[in-house]
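To start, the structure itself, in structure tokens.
In our numbering, the protein residues as written are 3 to 129.
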């Protein structure tokens, strides 16, 4: 039975852009070869980790939205565990028929906050 999942993978920051791209393509191909479907891939880039993982303070975050059998996801997680290129991963099963909300970029949130604080400042100055 095919189910929807979100898989977040944190990759070693020592990997070059080409190596990250190759690894992302390999993960996508692994899912596709097992009759799964990758509906979206988002590269969030390098971010600081909350705590040290495998002696690393940063990691390259990649989000996959996938539709696959539970066995495919289980095999994927097993591969993540043995890979030295993967620092951490998280797989979340989504509800059937649910459409995940689009993820907002940090820049847009910051822009909204600046706009709100500027509007509030003008209001106080005139009020």
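Using N, Cα and C, we set each Cβ at its ideal position, and we do this for glycine too. Predicted, not measured: the structure shown is a model, and the values here were computed from it.
Counting only the Cα atoms, residue 22 lies some 23 Å from residue 37.
Residue 11 holds the alpha-carbon nearest to the alpha-carbon of residue 46 among 97, 11, 85, 93. If you check the CB distance, residue 8 and residue 65 come in under 9 Å. In this structure residue 28 is exposed. Its beta-carbon is surrounded by fewer than 16 other beta-carbon atoms within 10 angstroms. Beyond the five residues adjoining it in sequence on each side, residue 14 comes within less than 8 Å, by CB distance, of 56, 58, 61, 62, 86, 87, 88, 89 in the same chain, given in chain order. In the three-state reduction of the DSSP assignment, residue 6 falls in the strand class, which pools E and B.
Nearest Cα to residue 77 within the set 43, 20, 17, 35: 35.
One thing to note: residue 67 has its Cβ within 9 Å of the Cβ of residue 41. The C-beta separation of residue 69 from residue 97 comes to about 13 Å, leaving the pair out of contact by the 8 Å criterion. Around residue 91, the same chain offers 9, 10, 11, 12, 79, 82 as residues with beta carbons nearer than 8 Å, after the five sequence neighbours per side are excluded. When the Cα atoms are used, residue 74 and residue 93 turn out to be separated by approximately 12 Å.
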